[in-house]
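Here is the structure we will look at, set down as structure tokens.
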Amino acid sequence: MPKGLPTAEQLMSGMVGGFSIDTCIFESLGFNLETGEFGVLRQQLPPWLELNIPRIVVKEVIGHQEANVRKAEQELNNSIRNIHRYSGVNVTSISAAVTELQLTNVAKIFEERLSRFMLKFNGNVVREKGDKLLQEMFELYFNTRAPFESKKDKKNEFPDAASLLALEYLAKEQNKLFVLVSDDNGWGRFCDQSEVLFCVKNLEELTALYQAEKDVSATIETRIIEALKDPASELSKQIELGLEAEIPNCSWIVEAYTGYCSRVEPALDFAEFNEFSPNDNSLRLWLPNNDKGICVVELEMKVGCNFGVSAEFSTWDSIDHEDVPIGIGSTEFSDEVEMKVYLTLSGDLSNGDSNEWEIQFEISQQDYLIDAGEMEPDYSGYEE
Numbered sequence: 003m004p005k006g007l008p009t010a011e012q013l014m015s016g017m018v019g020g021f022s023i024d025t026c027i028f029e030s031l032g033f034n035l036e037t038g039e040f041g042v043l044r045q046q047l048p049p050w051l052e053l054n055i056p057r058i059v060v061k062e063v064i065g066h067q068e069a070n071v072r073k074a075e076q077e078l079n080n081s082i083r084n085i086h087r088y089s090g091v092n093v094t095s096i097s098a099a100v101t102e103l104q105l106t107n108v109a110k111i112f113e114e115r116l117s118r119f120m121l122k123f124n125g126n127v128v129r130e131k132g133d134k135l136l137q138e139m140f141e142l143y144f145n146t147r148a149p150f151e152s153k154k155d156k157k158n159e160f161p162d163a164a165s166l167l168a169l170e171y172l173a174k175e176q177n178k179l180f181v182l183v184s185d186d187n188g189w190g191r192f193c194d195q196s197e198v199l200f201c202v203k204n205l206e207e208l209t210a211l212y213q214a215e216k217d218v219s220a221t222i223e224t225r226i227i228e229a230l231k232d233p234a235s236e237l238s239k240q241i242e243l244g245l246e247a248e249i250p251n252c253s254w255i256v257e258a259y260t261g262y263c264s265r266v267e268p269a270l271d272f273a274e275f276n277e278f279s280p281n282d283n284s285l286r287l288w289l290p291n292n293d294k295g296i297c298v299v300e301l302e303m304k305v306g307c308n309f310g311v312s313a314e315f316s317t318w319d320s321i322d323h324e325d326v327p328i329g330i331g332s333t334e335f336s337d338e339v340e341m342k343v344y345l346t347l348s349g350d351l352s353n354g355d356s357n358e359w360e361i362q363f364e365i366s367q368q369d370y371l372i373d374a375g376e377m378e379p380d381y382s383g384y385e386e
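Heads up, this note's numbering is the position in the sequence shown plus 2, with the first residue counted as 1.
Here is the structure:
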């Protein structure tokens, strides 16, 4: 039984021929299939490794994304109504613009995006089929074996069981080993009992299996670190340009508190890049197809940013049972944020001038938390 991780021989000989990604992984990365970890995944994995996603997971991923859009649409419409309520401004044109977005097509749009992503890996949608799968699924259920938990709501695990059995059947049919990516304990325990399935908890663990050997990549790593230490190098300049472009568009979650009233709602006004400090020890490198003319680099860094935050303050009206706005405030501050970036470098990486490398930049797409600290309403413009 393949508990643990595949051996180097299994990985590089092609015995590990496929991988799969659970719904929770798509959700944790914000469904960003074109950028960040998903954006560079093709270059980090060997060309023979095919992506096999169970039909149930495809349906779940599309359904979750559709629910996220519906929630955002509802919040947007509520905000539009509040603008009209508090200001009396005619918001008909804004409401019409939201309608024109045609958010009813979001499922189809995301399905097309998912299909394009899977195509990079010769992807297949794995369908559950046959009476044998149904029989084995109920055997797992009644014997409380993975992925079923020994609790009352274990019926919720039927979709996982169907997905895992379908993947196991496909791996046996192809006489291959598969690596599944999931932080779900049920998936992990099922793979521990399987003869053909391994499980890792995230994409980082998956790509680490195929990371370039140190004796092969040592020279290139040394040259990259040297270029990072030189602020005038083309690599440092391209990272700065990339961060300047991406920082304003990152997903920022703003926290603040106040002792002035019962509620404060902070919102980001701006985020701008200031400086960065790379962590050389975090550098990981991949050489697609062992081609020393191109590499993918993962690098952690501390990024100094300037932020502007505004906030609305309100207090609870116990008679009307609603929040009553009592003022607004704003603040500006600087802070350091830990980020992960991905670089695709091409050229003569071992001996050529590093300033002549071709450089592509990606930033990890995730939610970044910033703390604006204590805030109070600004009444400086009011006369007593």
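No residue lacks a Cβ here, since even glycine has one placed at the ideal position from N, Cα and C.
This structure is a prediction, so every number in the text was calculated from the model and none was measured.
Cβ-Cβ separation, residue j to residue i (assumed contact under 8 Å), whole Å
{"i": "ILE361", "j": "LEU347", "result": "6 Å"}
{"i": "GLU302", "j": "LYS342", "result": "5 Å"}
{"i": "ASP217", "j": "GLY188", "result": "In fact, because the Cβ distance is near 39 Å, the residues do not count as touching under 8 Å."}
{"i": "LEU199", "j": "ALA173", "result": "6 Å"}
{"i": "THR317", "j": "CYS263", "result": "5 Å"}
{"i": "PHE315", "j": "VAL256", "result": "In fact, because the Cβ distance is near 14 Å, the residues do not count as touching under 8 Å."}
{"i": "GLU394", "j": "GLY349", "result": "The first residue shown for the chain is 3 and the last is 386, placing residue 394 beyond what the model contains."}
{"i": "VAL42", "j": "GLU364", "result": "6 Å"}
{"i": "LEU245", "j": "VAL299", "result": "15 Å between Cβ atoms; not a contact."}
{"i": "ILE227", "j": "LEU285", "result": "7 Å"}
{"i": "VAL100", "j": "VAL71", "result": "In fact, because the Cβ distance is near 12 Å, the residues do not count as touching under 8 Å."}
{"i": "LEU35", "j": "ARG115", "result": "5 Å"}
Local Cβ density within 10 Å of residue i, reported as buried at 16 or more and exposed below that
{"i": "PRO379", "result": "buried"}
{"i": "TRP288", "result": "buried"}
{"i": "TYR344", "result": "buried"}
{"i": "GLY295", "result": "exposed"}
{"i": "GLU385", "result": "Confidence is the limiting factor: at GLU385 the pLDDT is only 49, short of 50, which leaves the residue's position unreliable, though a coordinate-based value still follows. The residue is exposed, with fewer than 16 neighbouring Cβ atoms inside 10 Å."}
{"i": "LYS157", "result": "Because the pLDDT of LYS157 is 47, which lies under 50, any placement of that residue in the model is unreliable, and the question is left without a value."}
{"i": "ALA69", "result": "exposed"}
{"i": "ASP186", "result": "buried"}
{"i": "GLY16", "result": "exposed"}
{"i": "PHE272", "result": "exposed"}
{"i": "LYS73", "result": "exposed"}
{"i": "LYS178", "result": "buried"}
{"i": "GLU39", "result": "buried"}
{"i": "GLY354", "result": "exposed"}
{"i": "SER184", "result": "buried"}
{"i": "GLY261", "result": "exposed"}
{"i": "TYR381", "result": "exposed"}
{"i": "PRO268", "result": "buried"}
{"i": "PHE144", "result": "Bear in mind that a pLDDT of 40 at PHE144, under 50, signals an unreliable position, so the number given afterwards is only what the model happens to contain. PHE144 comes out exposed."}
{"i": "ILE58", "result": "buried"}
{"i": "ALA247", "result": "exposed"}
{"i": "ALA164", "result": "buried"}
{"i": "GLN46", "result": "buried"}
{"i": "ALA220", "result": "exposed"}
{"i": "GLN367", "result": "buried"}
{"i": "PHE140", "result": "The pLDDT assigned to PHE140 is 44, lower than 50, so where the model puts this residue is not dependable; a value taken from the coordinates is nonetheless given after this. It counts as exposed."}
{"i": "GLU197", "result": "exposed"}
Counterpart residues of residue i in DSSP-defined beta bridges
{"i": "SER22", "result": "LEU182"}
{"i": "TYR344", "result": "GLU300 and GLU364"}
{"i": "ASP325", "result": "TRP318"}
{"i": "ALA273", "result": "PHE309"}
{"i": "CYS201", "result": "LEU182"}
{"i": "ILE55", "result": "VAL127"}
Where residue i sits in the DSSP three-state scheme
{"i": "VAL299", "result": "strand"}
{"i": "ALA374", "result": "strand"}
{"i": "ILE330", "result": "strand"}
{"i": "ALA258", "result": "strand"}
{"i": "THR317", "result": "strand"}
{"i": "LYS154", "result": "Because LYS154 carries a pLDDT of 49, less than 50, the predicted location of this residue cannot be relied on, and no value is offered for it."}
{"i": "ALA229", "result": "helix"}
{"i": "PHE160", "result": "helix"}
{"i": "CYS307", "result": "strand"}
{"i": "ASP369", "result": "strand"}
{"i": "GLU246", "result": "helix"}
{"i": "PRO290", "result": "helix"}
{"i": "VAL91", "result": "coil"}
{"i": "PHE28", "result": "helix"}
{"i": "ASP350", "result": "coil"}
{"i": "LEU166", "result": "helix"}
{"i": "PHE33", "result": "coil"}
{"i": "GLU215", "result": "coil"}
{"i": "LEU13", "result": "helix"}
{"i": "ASP282", "result": "strand"}
{"i": "PHE140", "result": "Bear in mind that a pLDDT of 44 at PHE140, under 50, signals an unreliable position, so the number given afterwards is only what the model happens to contain. Three-state DSSP puts PHE140 in a helix."}
{"i": "SER196", "result": "coil"}
{"i": "THR224", "result": "helix"}
Residue i at chain C interface by Cβ criterion, 7 Å
{"i": "PHE309", "result": "Of the chains in the structure shown, none is chain C; there is only one protein chain."}
The ligand FMN heavy atom lying under 6 Å from the CB of residue i
{"i": "ASN54", "result": "Judged by which ligands are present, the structure shown has none, so any question about the ligand FMN falls away."}
Validate contact between the stretch 47-55 and the stretch 17-27 using beta carbons, cut 8 Å, 3 pairs: yes
Any 3 or more C-beta pairs closer than 8 Å across the stretch 222-241 and the stretch 268-286: yes
Inter-stretch contact at 8 Å, needing at least 3 Cβ pairs: the stretch 332-342 / the stretch 302-316: yes
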